[in-house]
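J.: Numbering (this note's numbering), first residue to last: -8 to 444.
We put the beta carbon where it would ideally sit given N, CA and C, even for glycine.
Attaching a single structure in structure tokens format; questions to follow.
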Amino acid sequence: MAKTILVVGHRNPDNDSISSAVGYAYLKTQLAAREGRADEVEYVPARLGKMPSESAWILEQNGIEAPRAIKHVHVRVRDVMTPDPVSVSVEDTMLHAGRLLRKHNVRSLAVEDADGRFLGLISTRAIAERYISATDELEEGDPASSMAVASSLIDSLSQKVGELMATNVFVLDEEDLVKDSVEDLIASELREGIVLDDDGRAIGIVTRSDVTTYPKRQVILVDHNETLQAAAGIEDADVVEIIDHHRIADVSTANPIQFLNLPLGSTATIVALEFRRHGIDIPPHIAAVLLSAIMTDTVILKSPTTTDIDREQADLLAAIIERDVTEFGLEVFKTRGGEDDMPVEDLVGADSKEFAAGDDTVLIAQHETVDLPGVMAREAEMRAYMRKLVADRGYATVLLMVTDIMAEGSQFLVEGNTRIAERAFDITVNPDGGNWMPGVLSRKKQVAAKILL
Ligand SMILES: [Mn+2]
């Protein structure tokens, strides 16, 4: 079976996290094929939250499936179980069960009823115990007792499986975390646990050794290298590569890995560079996705994080899809729309990131728009939601940047401890109407960097 490597962006994924995961998984797949390892490894793009609307749009336009939604990267029971256990009907004989055990060279069989639902386990151990108990009757030198034992053993062969099966089996779900199941399985009487689906059918067997030594899940991080922004369980996973354009944070690894971090406008730019470095052609559907991410992360190349390399890669990608960069960029931004009826938790939270500032956690949210007055009409509602975030999640400060792409600036709304923002930006926070910050477009470079000072 091919080994799965997840390619995943940060929590609350933005378009760069989605698109870079899609693009980089595609590149890695091509590289594996070129190296003749196509059957050994499968690169699977994944995401840690809802798809941004522009990502859903660009993927759909290009006939690409959305990255798989995952909740964590802990090892699950399904990652370690032996799937499709050999089964035997409860009505079958022990002779039949014995033959199945030998034929498939397994230590236990899943016993099922006529509808295929799991009833118990029949194991070589149960058969051995039956065999040994028959010999209890044996008296040395007494031919009659030898005959009794022999006939008891012969009888056992025609005994029904149901009479000898163990029913005190530890049951697991394939999504259970191995770390949570280890103790229970070790404490259970049998050496195997059974994995059942929702209909009660056996879909896997897990042994004690499966849960005590197991390989970690392999993950490639794109667009982040910070534990706070990574999948739950990242500390238990094997990070095999990182492609990013953020500050170096705290994800650590056991082995040396490729850690490619460049101060460019988007991770998608680095992915495009990697295609070129390896001499792999970028097909139009992938070019469109990568270009859309350069557009959203650099705000159509207007953000101060934009470099000449971003402009150059954007031009090359635009040439592949035969589009004008700015025109394409505006089209991507327009797909966001619907700000009047967008749920307030999306307006504020869809693109929000937590940052650790000393002992405090600051949430910096950004909403980019081409209609600033339309978004600010919902100020009271947005502030109420931000105060709720402060109260419920214990943030010191929640700062929302409503970024006007065309006017090239951001309206700041601050809730919680406003001093943090006042110090960082030398402003007096306006609790009604917010503060217009001309030229501030980049959360990373112009906002987070100042707050984290
Ligand atoms: Mn990014």
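1) In whole angstroms, give me the CA-to-CA distance for A439 and I261.
2) On the CB-based measure, 16 or more other CB atoms within 10 Å of its CB, does P254 come out buried or exposed?
3) When DSSP labels each residue in this structure, what does V79 get in the three-state scheme?
4) Would you mind working out which of G407, W427, L112 sits nearest V102, comparing C-alpha positions?
5) With distances taken from CA atoms, which of M428, F109, A57 is nearest S80?
6) Would you kindly report the start and end of the unbroken alpha helix (DSSP H) that includes S44?
7) By Cβ distance below 7 Å, which residues in the same chain neighbour G14 in space, the five residues on each side in sequence not counted?
8) Are the beta-carbon atoms belonging to T445 and T394 less than 9 Å from one another?
9) Taking 8 Å as the cut-off, is the CB of T218 close to at least one heavy atom of ligand 1?
10) With burial defined as no fewer than 16 other Cβ atoms inside 10 Å of the residue's Cβ, what is the status of Y122: buried or exposed?
11) Hey, could you find the ends of the beta strand (DSSP E) M333 is sitting in?
12) Following a CB-centred definition, is T258 positioned closer than 8 Å to any heavy atom of ligand 1?
13) Between G89 and I118, how many whole angstroms is the CB-CB distance? I'm expecting something under 8 Å.
14) From R67 to E166, what does the alpha carbon distance come to, in whole angstroms?
15) Between F324 and M286, is the Cβ-Cβ spacing less than 9 Å?
16) For ligand 1, is there any heavy atom lying closer than 8 Å to the beta carbon of L283?
17) By Cβ distance below 6 Å, which residues in the same chain neighbour D201 in space, the five residues on each side in sequence not counted?
18) Is L447 helix, strand or coil when you go by DSSP?
19) Candidates T317, T360, S46: which alpha carbon is nearest G328's?
20) Roughly how many whole angstroms lie between the Cα atoms of R238 and K441?
21) Quick one: give me the first and last residue of the beta strand (DSSP E) that Q249 is part of.
22) Would you mind reading off the limits of the beta strand (DSSP E) that contains G0?
23) Output the residue ranges of the alpha helix (DSSP H) runs that lie fully inside the region 172 to 243 and measure 4 residues or longer, sorted by chain position.
24) Between the alpha carbons of E217 and D383, how many angstroms are there, rounded?
25) Only counting the same chain, and skipping five residues up and downstream in sequence, which positions put a Cβ closer than 7 Å to that of G407?
26) Distance check for R314 and E303, CA to CA, integer angstroms please.
27) Kindly indicate which three-state DSSP category N408 falls into: helix, strand or coil?
28) Going by DSSP, name the residue or residues bridged to G400.
29) Name the DSSP beta bridge partners of G89, please?
30) When burial is assigned at 16 or more other CB atoms within 10 Å of the CB, is L444 buried or exposed?
31) Taking 9 Å as the threshold (C-beta atoms), are E31 and S114 in contact?
32) Counting pairs of beta carbons, one from the region 18 to 31 and one from the region 292 to 299, are three or more of them closer than 8 Å?
33) So, are the CB atoms of V210 and I234 less than 9 Å apart?
34) Please report how far the alpha carbon of L307 lies from the alpha carbon of F319, in whole angstroms.
35) Report the start-end ranges of each alpha helix (DSSP H) in the region 290 to 374 that is 4 residues or longer and not cut off at the edges.
36) Are the CB atoms of E33 and I(-4) within a distance shorter than 9 Å?
T.: Inspection of the coordinates gives the following:
1) One-based indexing of the sequence shown puts residue 439 at position 448. One-based indexing of the sequence shown puts residue 261 at position 270. Distance between the alpha carbons of A439 and I261 is about 22 Å.
2) Stepping through the sequence shown from its first residue, residue 254 is reached at position 263. Under this definition P254 is an exposed residue.
3) In the sequence shown, counting from the first residue as 1, residue 79 sits at position 88. In the structure shown, V79 sits in a strand (DSSP, three-state: E or B).
4) The residue you call residue 102 lines up with position 111 of the sequence shown. For V102, the nearest C-alpha among the options comes from L112.
5) Along the sequence shown, one-based indexing puts residue 80 at 89. Considering only alpha carbons, the answer is F109.
6) Numbered from its first residue, the sequence shown carries residue 44 at position 53. Residues 44 to 52.
7) Within the sequence shown, numbered from 1, the residue matching residue 14 stands at position 23. Closer than 7 Å at Cβ, skipping near neighbours: A259, V262, I277, V280, L281.
8) Residue numbering for the chain in the displayed model covers -8 to 444; residue 445 lies beyond these limits and cannot be assessed.
9) Position 227 of the sequence shown, counted from the start, is the residue given in the question as residue 218. Every heavy atom of ligand 1 is 8 Å or more from the Cβ of T218, so no.
10) Translated into positions along the sequence shown, residue 122 becomes position 131. Result: exposed.
11) Reading the sequence shown from its first residue, position 342 is the one you call residue 333. That residue, M333, is in no beta strand (DSSP E); it is neither H nor E in DSSP.
12) Here residue 258 refers to the residue found at position 267 of the sequence shown. Yes.
13) By 1-based counting over the sequence shown, the position of residue 89 is 98. By 1-based counting over the sequence shown, the position of residue 118 is 127. Indeed they touch by this definition, with Cβ atoms about 7 Å apart.
14) Numbered from its first residue, the sequence shown carries residue 67 at position 76. Numbered from its first residue, the sequence shown carries residue 166 at position 175. Spanning the two alpha carbons is a distance of roughly 6 Å.
15) What you label residue 324 is simply residue 333 of the sequence shown in a count that begins at 1. What you label residue 286 is simply residue 295 of the sequence shown in a count that begins at 1. The answer is yes: Cβ separation under 9 Å.
16) Numbered from 1 along the sequence shown, position 292 holds the residue referred to as residue 283. Residue 283 is actually Ser in this sequence, not Leu. Answer for S283: no, Cβ out of range of ligand 1.
17) Position 210 of the sequence shown holds residue 201. Once the five neighbours on either side are set aside, the close Cβ partners of D201 are V71.
18) Past the boundaries of the shown model lies residue 447; the chain is included only from -8 to 444, so the question cannot be answered.
19) Residue 328 sits at position 337 when you count from the first residue of the sequence shown. Answer by Cα proximity: T360.
20) Within the sequence shown, residue 238 is the residue found at index 247, counting from 1. Within the sequence shown, residue 441 is the residue found at index 450, counting from 1. The alpha-carbon atoms of R238 and K441 are separated by roughly 13 Å.
21) As a first step, residue 249 must be located in the sequence shown, where it is residue number 258. Start and end: 249 to 252.
22) Taking the first residue of the sequence shown as position 1, residue 0 is located at position 9. G0 -> beta strand (DSSP E) spans -6 to 2.
23) DSSP runs (the alpha helix (DSSP H)) wholly in the region 172 to 243: 199 to 203.
24) Numbered from 1 along the sequence shown, position 226 holds the residue referred to as residue 217. Numbered from 1 along the sequence shown, position 392 holds the residue referred to as residue 383. Between E217 and D383, the C-alpha separation is close to 23 Å.
25) For the purposes of this step, residue 407 is identified with residue 416 of the sequence shown, where counting begins at 1. Counting only Cβ-Cβ distances below 7 Å, and skipping sequence neighbours, we find V381, Y386, A387, T388, V389.
26) The sequence position of residue 303 within the sequence shown is 312, counting from 1. The sequence position of residue 314 within the sequence shown is 323, counting from 1. Roughly 14 Å separates the two Cα atoms.
27) In the sequence shown, the residue the question calls residue 408 occupies position 417. N408: coil per DSSP, three-state reduction.
28) On the sequence shown, residue 400 is found 409 positions in, with the first residue counted as 1. In the DSSP output, where bridge partners are listed per residue, G400 has D395, P429.
29) For the purposes of this step, residue 89 is identified with residue 98 of the sequence shown, where counting begins at 1. DSSP lists no partner for G89.
30) One-based indexing of the sequence shown puts residue 444 at position 453. Answer is exposed; the Cβ neighbour count stays below 16.
31) As a first step, residue 114 must be located in the sequence shown, where it is residue number 123. As a first step, residue 31 must be located in the sequence shown, where it is residue number 40. Taking 9 Å as the Cβ cut-off, S114 and E31 do not qualify as a contacting pair.
32) Two segments are said to touch when three or more pairs of C-beta atoms, one from each, lie closer than 8 Å; by this definition the region 18 to 31 does not touch the region 292 to 299.
33) Translated into positions along the sequence shown, residue 210 becomes position 219. Translated into positions along the sequence shown, residue 234 becomes position 243. Not closer than 9 Å, so no.
34) Walking along the sequence shown from the start, residue 307 turns up at place 316. Walking along the sequence shown from the start, residue 319 turns up at place 328. Looking at the two C-alpha atoms, the distance is approximately 13 Å.
35) 299 to 312, 316 to 325, 335 to 340, 363 to 367
36) Translated into the one-based positions of the sequence shown, residue -4 becomes position 5. Translated into the one-based positions of the sequence shown, residue 33 becomes position 42. Yes, these two residues count as a Cβ contact at 9 Å.
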